[in-house]
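One structure below.
2 protein chains.
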Amino acid sequence: MATITVPRVVPSPAEDAAALLKAFQGWGTDEQAVISILAHRYATQRKQIALEYEHKYSESLIQRLQSELSGDFERAVYHWMFDPAERQAVMANAATECIQEEYPVIVEVACTNSSAELVAVKKAYHALYRRSLEEDVAARATGNLRSLLLALVSTYRYDGDDNVDMELARSEAKIVHEAVRNGAAAGGHEELIRVVGTRSKAQLRATFGCFKDEHRGSVTKALPRGDDPTGYPRALRKAVRCVADPSKYFAKVLRNATRESAGTDEDSLTRVVVMHAEKDDMGAICAAFQKRASCTLEQAIAKETSGDYRSFLLALLGS
Amino acid sequence: MATITVPRVVPSPAEDAAALLKAFQGWGTDEQAVISILAHRYATQRKQIALEYEHKYSESLIQRLQSELSGDFERAVYHWMFDPAERQAVMANAATECIQEEYPVIVEVACTNSSAELVAVKKAYHALYRRSLEEDVAARATGNLRSLLLALVSTYRYDGDDNVDMELARSEAKIVHEAVRNGAAAGGHEELIRVVGTRSKAQLRATFGCFKDEHRGSVTKALPRGDDPTGYPRALRKAVRCVADPSKYFAKVLRNATRESAGTDEDSLTRVVVMHAEKDDMGAICAAFQKRASCTLEQAIAKETSGDYRSFLLALLGS
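Each protein sequence line maps, in turn, to chains A and B. Numbering (the numbering used here) for the first sequence: 77 to 395. Numbering (the numbering used here) for the second sequence: 77 to 395.
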């Protein structure tokens, strides 16, 4: 269930564009007006507004928003203005620029989209950067991290859950166990990356299930924490969790991002909320958040953020 | 330029289906009638005929053709009945079954399609086999051959030729040279596979050009012939040639397949003719064939094949 709310009667793109221009004019920007329009329109509607705005006022709406707004609020609105494929291409490209730290974005894009959605992201990447996501990941990561990320972004997995092979799951659970036992540096990880990088998600969930039955603990718990400087073991754990249960994974990202003790991680918070507010899985992410945290996601955001940024995120969550 | 010829006034699918049924009935099959219809219809028209036939006579046209025809002729007509994406998925799947020998088919599918065409093949593969091409290649090949083939079938390359970076080409020509100098077994091939597996074809052609300028010989000539039992060096050479000049590559496949001394290789002959007869590149392949062989492709086929198989291939070539 998506969380954004769109009015029953939506103003025309021309009316919205005019209202946005009005919000930009005069002394200071009327941020509340911006939120009341853009946070309550679907991606196709926002695109139409941007087209209408550019046509009528001969300037890019996105660029005007960037100059009118600032800080976390500006970055959140900026990402919100793209359609899902373009937005993820932009985020993935930024992540390749400092891939040692930002690899979680690449893992999420690669592992939580359907195969068709992932191709759409890669197509948007071509159009925006005239390069492929694959070549940027491959040229900028190293070692096992490169092997893993490249396998994840490249693959066109079978999407169905109608062809799970339990015998294969049992034999590949052994491969996982072998790699876990030998640690990240030793051999066996080539095979593990092959399995995680090519099998369907349904097949992988069966494999992880067999592992759990056999070894009385989940794959993610068993995977080495390790201190591989490339970040490979952590990236692998994230990939496994994205495949095993994406809602639970994103709920954990949000919990970490709103943790009082560590300071708020606005980038991760923005990324997950903006990415999912108009997707079907946002309801499940909110539920998974609340199950483990002592409050709702809205409460956590209200506590950890402030100003227009807070208003915008809460609007996307339907408050 | 495609080579198949289609009559100016094409009979309706119902008329074609009726004519095919008539060709099947009675004592023996009228193969010439089958050829005169199916070799002179485009893929969409053949699909309509098959639908009409099944609808009207409650049997699969492809299965009936398989039971009525035989040998190389039957196999050629069988492959001809698929649309290009399905046909390549069927051929690639068969190749994964004995990948040590049949890897050239995988290399061709991966390296001579556009990125969008390759996704279409992989989508057809999902629909036909409820698995991915990636997982079958990864599970059935080993060593460097696996790394190479998996990289080639997975990647979604940038297709444009508007973003060639000559500095990158020069630096990656060095990576190629390094790998060539050290042989297939030594290190350096991981980097080479990264380059060949992720860069756009235009970028790779620039890299191969830099290599040639620097080392006074083509990459394919320089690549180790090697005796890697997995077939990796030969697969790599084929991939480089498919990227560098696909028409020249296919012309060479056809020359080898029709070489008198070695006996005719009907599988390769069928594959290339059936795959390209209705594609724009067949004219260029025929021209490249004639440039190096002492005869036209039609003459070579007429000499090396016989019967209905010969008639069918020649019909596809527009004779």
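Built from N, CA and C at the ideal position, the CB exists for glycine as well.
- Taking the Cα positions, A:Gly104 is about 55 Å away from B:His202.
- B:Cys371 and B:Ala78 have their C-alpha atoms roughly 20 Å apart.
- When secondary structure is reduced to three states using DSSP, B:Arg335 falls in the coil class, being assigned neither helix nor strand.
- Remark: C-beta atoms of B:Ala364 and B:Cys187 do not approach each other more closely than 7 Å.
- Listed in chain order, the beta strand (DSSP E) elements of length 3 or more contained wholly in the region 170 to 242 of chain B amount to none.
- By the C-beta density criterion, A:Ala338 is exposed, having fewer than 16 other C-beta atoms within 10 angstroms.
- By the Cβ rule, the region 177 to 184 of chain B counts as touching the region 223 to 230 of chain B, because three or more pairs are nearer than 8 Å.
- Only those residues of the region 168 to 198 of chain A whose C-beta falls short of 7 Å from the nearest C-beta of chain B are listed: Val195, Lys198.
- Measuring C-alpha to C-alpha distances from A:Pro83 to each of A:Gln101, A:Ala90, A:Ser112, A:Phe100 identifies A:Ser112 as the nearest.
- Taking 7 Å as the CB threshold, A:Ala214 lines the interface with chain B.
- For A:Ser146, the closest Cβ of chain B is not nearer than 7 Å.
- In the same chain as B:Val350, and ignoring 5 residues on each side of it, the C-beta atoms closer than 8 Å to its own belong to Ala152, His155, Trp156, Arg163, Leu392, in chain order.
- Closer than 7 Å at the C-beta level to chain B, one finds no residue of the region 329 to 363 of chain A.
- No Cβ of chain A is located within less than 7 Å of the beta carbon of B:His131.
- Residue contact check for B:Tyr308 against chain A: no CB pair falls below 7 Å.
- Around the CB of A:Asn189, 16 or more other CB atoms lie within 10 Å, so the residue is classed as buried.
- B:His202 belongs to the set of residues whose beta carbon lies under 7 Å from a beta carbon in chain A.
- For A:His116, the secondary structure class from DSSP, reduced to helix, strand or coil, is coil.
- A:Arg386 is the residue among A:Arg386, A:Ser134, A:Asn239, A:Leu390 whose C-alpha sits nearest the C-alpha of A:Asp148.
- A Cβ-Cβ separation of about 5 Å places B:Cys318 in contact with B:Tyr325 under the 8 Å criterion.
- B:Phe388 sits in a helix when the DSSP states are folded into three classes.
- Excluding its 5 nearest sequence neighbours in each direction, A:Ala93 has C-beta neighbours in its own chain below 7 Å: Ile125, Glu128, Tyr129, Lys132, listed in chain order.
- In the displayed model, B:Val86 falls within coil according to three-state DSSP, outside both helix and strand.
- Counting every other CB atom within 10 Å of its CB across the protein chains shown gives A:Pro305 a total below 16, marking it as exposed.
- Distance check between B:Asp235 and each of A:Thr172, A:Ile251, A:Leu114, A:Glu210 places A:Glu210 closest, using alpha-carbon atoms only.
- Between A:Tyr154 and chain B, the shortest Cβ-Cβ separation is not below 7 Å.
- Chain A has a Cβ within less than 7 Å of the Cβ of B:Thr231.
- If the five residues before and after B:His265 are omitted, its C-beta is found closer than 7 Å to the C-beta atoms of Asn220, Ala255, all from its own chain and listed in chain order.
- Counting of Cβ neighbours within 10 angstroms places B:Glu173 among the exposed residues, the total staying below 16.
- For the set A:Asn258, A:Asp241, A:Ser208, the Cα lying nearest the Cα of A:Ala168 is the one of A:Ser208.
- Taking 8 Å as the upper bound for CB-CB distance, A:Ala99 and A:Ala109 are in contact here, some 4 Å apart.
- Contact fails between the region 294 to 302 of chain A and the region 326 to 345 of chain A, because fewer than three Cβ pairs, one in each stretch, are under 8 Å apart.
- The C-beta of B:Arg257 has fewer than 16 other C-beta atoms within 10 Å across all chains shown, which makes the residue exposed.
- The continuous alpha helix (DSSP H) containing B:Leu141 extends over residues 137 to 144.
- Around the beta carbon of B:Met358, 16 or more other beta carbons sit within 10 angstroms, so the residue counts as buried.
- DSSP places A:Ala282 in the helix class (H, G or I) of the three-state scheme.
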